[in-house]
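Protein chains in written order, with the working numbering: chain W, 2 to 155; chain U, 2 to 155; chain C, 2 to 155; chain B, 2 to 155. Backbone N, C-alpha and C fix where the C-beta goes; we use that ideal spot for every residue, glycine too. Below is one structure, written out as structure tokens, with a few remarks after it.
There are 4 protein chains.
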Amino acid sequence: MQVALDETLRAEFGVEGAWWLAVRHRVRWSEVDAFAHANHTTYLEWYEDLRIRYMAACGLPLRMDTPGCVLARIAVEYLMPLRFEDEVLVTARVSAFRRTSFRMDYATWRQGCVNRADGLLVMLINATGAKVAIPESAKQVMIERDGARQETAP
Amino acid sequence: MQVALDETLRAEFGVEGAWWLAVRHRVRWSEVDAFAHANHTTYLEWYEDLRIRYMAACGLPLRMDTPGCVLARIAVEYLMPLRFEDEVLVTARVSAFRRTSFRMDYATWRQGCVNRADGLLVMLINATGAKVAIPESAKQVMIERDGARQETAP
Amino acid sequence: MQVALDETLRAEFGVEGAWWLAVRHRVRWSEVDAFAHANHTTYLEWYEDLRIRYMAACGLPLRMDTPGCVLARIAVEYLMPLRFEDEVLVTARVSAFRRTSFRMDYATWRQGCVNRADGLLVMLINATGAKVAIPESAKQVMIERDGARQETAP
Amino acid sequence: MQVALDETLRAEFGVEGAWWLAVRHRVRWSEVDAFAHANHTTYLEWYEDLRIRYMAACGLPLRMDTPGCVLARIAVEYLMPLRFEDEVLVTARVSAFRRTSFRMDYATWRQGCVNRADGLLVMLINATGAKVAIPESAKQVMIERDGARQETAP
């Protein structure tokens with residue numbers, strides 16, 4: 002469930018830094034493994050869900066024939082394990098963008114940060130695989146809401 | 002891995018009854034739950050995999066715009082739990098068919114039957130949702146390989 | 002997110018019949034298949050989640066060494082497909098119980114019922130597999146909240 | 002299915018570099034998303050499966066009370082998408098180790114490398130979370146089969 006990240010929630014989950022996109026989640030039985038920990042792929046599914054919400058907030062719903070993003074690289078750090086029914090807050094923001102790609106940070110919070118990731122996304126038309134420039138409407142969200150910096154490709 | 006179900010394999014897994022479509026599987030870590038048992042949805046994924054192989058053997062690869070089958074009903078019985086790395090044999094066969102639907106039996110074997118299911122499948126064009134008659138080539142496989150009986154709708 | 006099933010929600014999702022346990026869900030990207038439909042195992046994961054919540058409401062949190070339930074049989078009917086980001090309401094109730102087993106009905110609602118299931122659950126100690134009688138506290142919830150009927154085994 | 006990586010297989014899948022642990026896999030329906038591509042978490046499940054096989058080959062089956070490894074970090078690169086029923090070869094090897102941790106490389110091959118990853122694993126007792134030294138038997142496999150280099154912590 003998407004939530005407004007106010008001071009109460011920030012304190013409850015130990016959130017640090019600036020994020021506007023936040024989703025509450027409770028660890029499901031189907032997400033834990035035989036050691037009773039949330040499986041390492043579960044975080045990636047949560048981050049994918051936030052990526053899709055972020056794009057929708059940029060006016061870019063997920064469709065085959067309109068600009069969308071695909072994951073080119075992701076680095077994930079597992080700091081603390083989660084258990085069945087743990088309540089967490091999952092956040093995402095864009096840190097930087099170029100012409101056809103951008104970097105997105107993700108974090109999972111429970112009494113501080115328990116998992117974080119840094120992804121590189123490429124903007125393209127899924128039906129053809131052709132790279133396209135990030136639409137201006139999306140750049141505005143990245144700059145105004147996240148203070149994302151524009152990088153120039155070397 | 003799809004295998005030819007010979008007497009050695011039948012004895013190894015305690016298979017009963019006639020089946021020609023059989024796939025070996027080893028329970029993955031990602032398929033077990035926090036009690037170390039294969040999750041109850043895992044069997045359904047295996048059966049789905051066999052359903053797709055069965056259709057392919059009928060000359061019906063899974064595509065949006067050609068006749069394919071969708072699950073209308075399934076009843077599953079959980080007889081014995083499976084654990085991480087257990088070796089199993091999964092089998093499927095068609096027991097009966099009508100004009101646009103058919104019944105498929107599934108079983109998972111490990112020293113006898115540990116899970117079985119009975120599904121009702123409807124033949125349609127996925128792109129439109131329109132029901133279509135089961136192609137003759139598919140009926141031939143159902144009759145000749147499984148001895149499936151033709152039922153008449155009431 | 003668990004919700005109180007009031008008249009507004011009943012009208013919004015087209016819910017019929019009496020249910021007190023209801024959870025809102027939005028179909029995730031990771032839950033849809035290559036035909037853009039919610040995969041057939043997704044409903045079973047939602048029903049599992051409700052089963053666990055029901056037991057918790059009976060004072061029976063999911064643990065290895067206390068009475069818990071395992072699925073012995075389930076029959077599922079797929080009435081209408083769901084798509085990515087569809088909002089649904091998922092409900093569960095106990096219809097009948099015996100000494101060590103009970104029957105649970107499940108449904109998924111979106112402008113009426115799109116999926117329903119009927120499961121048989123057995124009460125046991127997971128660590129040993131030994132069947133145990135349903136605790137009185139759980140029977141009270143089943144009777145008072147769902148009007149579950151007591152059946153006598155033949 | 003685990004296979005011996007001979008020259009025929011190396012040519013068939015376009016494998017580069019030295020690997021002894023290789024598993025064949027065919028992309029399942031349940032592994033593809035609504036754009037018909039293998040989901041980005043699927044590769045991580047395959048790599049997890051190889052990690053477990055690697056440890057077993059080191060005499061370390063996955064148990065709560067014996068030394069096992071958990072993922073501390075992983076970086077994944079998505080080079081080419083995979084589709085339903087694509088045949089792939091998945092490989093893993095250890096590149097370096099310290100006292101209680103090691104680095105594992107992973108790759109997925111189909112006419113060359115389509116996905117690769119680099120993970121940092123920590124050796125511990127899962128039941129307590131206590132870090133332990135990598136057993137000598139495991140180091141032998143890492144050195145003799147993969148030529149892994151010993152690193153000294155700074």
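Shorter than 7 Å from the beta carbon of C/Val-33 to some beta carbon of chain B?
Sequence index remark: in the third sequence, residue 33 of chain C carries index 32 (1-based). Yes - at least one Cβ of chain B is within 7 Å of the one on C/Val-33.
Note down, one range per segment and in chain order, each alpha helix (DSSP H) of at least 4 residues found wholly within the region 34-78 of chain B.
Qualifying alpha helix (DSSP H) stretches, in chain order: 41-58.
With distances taken between CB atoms, is the gap from B/Trp-20 to B/Leu-10 smaller than 7 Å?
Counted from its first residue, the fourth sequence places residue 20 of chain B at position 19. Counted from its first residue, the fourth sequence places residue 10 of chain B at position 9. Not a contact, by the Cβ cut-off of 7 Å.
Would C/Ala-37 pass as an interface residue toward chain B - the criterion being a Cβ-Cβ separation below 7 Å?
Against the third sequence, residue 37 of chain C aligns to sequence position 36. With 7 Å as the cut-off, C/Ala-37 counts as an interface residue toward chain B.
Please name the residue, chosen from W/Leu-121, W/Trp-30 and W/Arg-84, that lies closest to W/Val-115 on a Cα-to-Cα basis.
Locating residue 115 of chain W in the first sequence gives position 114, where the first residue counts as 1. Ranking W/Leu-121, W/Trp-30 and W/Arg-84 by Cα distance to W/Val-115 puts W/Arg-84 first.
Hey, is the region 125-145 of chain B in contact with the region 65-77 of chain B, meaning 3+ C-beta pairs nearer than 8 Å?
yes
The region 24-37 of chain B contacting the region 38-56 of chain U, beta-carbon criterion three pairs below 8 Å:
yes
Listing by chain order, which chain W residues have their CB less than 7 Å from the CB of B/Met-65?
Translated into the one-based positions of the fourth sequence, residue 65 of chain B becomes position 64. Within chain W, the residues near B/Met-65 are Phe-36.
Measure the C-alpha to C-alpha separation of B/Val-4 and B/Ala-12 and round it to an integer number of angstroms.
To locate residue 4 of chain B, count along the fourth sequence from 1; it is residue 3. To locate residue 12 of chain B, count along the fourth sequence from 1; it is residue 11. Distance between the alpha carbons of B/Val-4 and B/Ala-12: 14 Å.
Under 7 Å Cβ-Cβ, which residues of chain W neighbour U/Phe-103?
For the purposes of this step, residue 103 of chain U is identified with residue 102 of the second sequence, where counting begins at 1. Neighbours of U/Phe-103 on chain W: none; closest Cβ ~30 Å, over 7 Å.
Listed in chain order, which residues of the region 75-92 of chain C have Cβ atoms closer than 9 Å to some Cβ of chain W?
Phe-85 and Glu-86
So, are the CB atoms of C/Gly-148 and C/Ile-75 less than 7 Å apart?
Walking along the third sequence from the start, residue 148 of chain C turns up at place 147. Walking along the third sequence from the start, residue 75 of chain C turns up at place 74. Taking 7 Å as the Cβ cut-off, C/Gly-148 and C/Ile-75 do not qualify as a contacting pair.
Along the region 127-149 of chain W, what residues have a CB closer than 8 Å to any CB found in chain U?
none
Taking 7 Å as the CB-CB limit, is B/Arg-29 close to chain U?
By 1-based counting over the fourth sequence, the position of residue 29 of chain B is 28. Output row for B/Arg-29: interface = yes.
Within 10 Å of its beta-carbon, does U/Ala-139 have 16 or more other beta-carbons around it, so buried, or fewer, so exposed?
Counted from its first residue, the second sequence places residue 139 of chain U at position 138. Under this definition U/Ala-139 is a buried residue.
Against chain U, does B/Met-2 count as a neighbour if the rule is that its beta carbon must be under 7 Å from one of theirs?
Here residue 2 of chain B corresponds to residue number 1 of the fourth sequence, with the count starting at 1. Yes, B/Met-2 lies at the interface with chain U (some Cβ there is under 7 Å from its Cβ).
State yes or no: is the C-beta of C/Thr-42 within less than 7 Å of the C-beta of U/Leu-80?
By 1-based counting over the third sequence, the position of residue 42 of chain C is 41. By 1-based counting over the second sequence, the position of residue 80 of chain U is 79. For C/Thr-42 and U/Leu-80, no; Cβs fall outside 7 Å.
Which one of W/Arg-99, W/Ala-58, W/Phe-36 and W/Pro-82 has the shortest CA to CA distance from W/Ala-229?
Missing from the structure shown is residue 229 of chain W; chain W here goes from 2 to 155 and no further.
Helix, strand or coil for U/Ala-23 per DSSP?
Translated into the one-based positions of the second sequence, residue 23 of chain U becomes position 22. U/Ala-23: strand per DSSP, three-state reduction.
Tell me which same chain residues have a C-beta within less than 7 Å of the C-beta of B/Val-142, skipping the five on either side of it?
For the purposes of this step, residue 142 of chain B is taken as residue 141 along the fourth sequence, with counting starting at 1. Cβ neighbours of B/Val-142 beyond the five flanking positions: Ala-58 and Cys-59.
Helix, strand or coil at B/Met-105 [DSSP, three-state]
As a first step, residue 105 of chain B must be located in the fourth sequence, where it is residue number 104. Strand at B/Met-105.
Exposed or buried, U/Met-56, counting other C-beta atoms within 10 Å across all chains shown (16 or more means buried)?
Here residue 56 of chain U refers to the residue found at position 55 when the second sequence is read from its first residue. Result: buried.
Please classify W/Arg-104 as buried or exposed, where buried requires at least 16 neighbouring CB atoms within 10 angstroms.
Stepping through the first sequence from its first residue, residue 104 of chain W is reached at position 103. Result: buried.
Buried or exposed by the 16-neighbour rule on C-beta atoms within 10 Å, applied to C/Ala-39:
Position 38 of the third sequence, counting from 1, holds the residue named residue 39 of chain C. Burial call: buried.
Quick check on the DSSP output: the beta strand (DSSP E) that includes W/Phe-85 runs from which residue to which?
Translated into positions along the first sequence, residue 85 of chain W becomes position 84. W/Phe-85 -> no beta strand (DSSP E), and no H or E assigned at all.
Does the beta-carbon of B/Thr-153 have 16 or more other beta-carbons within 10 angstroms, so that it is buried, or is it exposed?
Your numbering for residue 153 of chain B matches position 152 in the fourth sequence. With fewer than 16 other Cβ atoms within 10 Å, it is exposed.
Whole beta strand (DSSP E) runs in the region 89-139 of chain B with 3 or more residues, listed along the chain?
102-110 and 114-126
First through last residue of the alpha helix (DSSP H) which encompasses C/Leu-10:
Sequence index remark: in the third sequence, residue 10 of chain C carries index 9 (1-based). For C/Leu-10, the enclosing alpha helix (DSSP H) has its first and last residue at 8-14.
Taking Cβ-Cβ distances shorter than 8 Å, what residues in chain C pair up with W/Glu-13?
On the first sequence, position 12 is the one that residue 13 of chain W refers to. Neighbours of W/Glu-13 in chain C, taken as residues at a C-beta separation under 8 Å, are lacking, since the least C-beta distance is about 16 Å.
Taking 7 Å as the limit between beta carbons, can you name the residues of its chain near W/Ile-53, skipping five residues before and five after?
Start at 1 with the first residue of the first sequence, and residue 53 of chain W comes out as number 52. Within the same chain, W/Ile-53 has close Cβ partners Leu-63.
Where C/Val-4 falls: helix, strand or coil (DSSP)
Against the third sequence, residue 4 of chain C aligns to sequence position 3. Strand, per DSSP.
Let me confirm a value: U/Ala-108 is counted as buried when at least 16 other C-beta atoms fall within 10 Å, else exposed. Which label applies?
What you label residue 108 of chain U is simply residue 107 of the second sequence in a count that begins at 1. U/Ala-108 should be labelled buried.
Cβ-based contacts, 8 Å cut-off: residues of the region 44-66 of chain C near chain A
The structure shown has no chain A; the protein chains it does contain are W, U, C and B.
Just the Cα atoms here: how many angstroms apart are W/Arg-1 and W/Ala-118?
Since the displayed chain W opens at 2 and closes at 155, residue 1 of chain W lies outside it and no answer follows.
Mark C/Ala-156 as exposed unless 16 or more other C-beta atoms lie within 10 angstroms of its C-beta, in which case mark it buried.
Because residue 156 of chain C is not part of the residues shown, which for chain C are 2 to 155, the question remains open.
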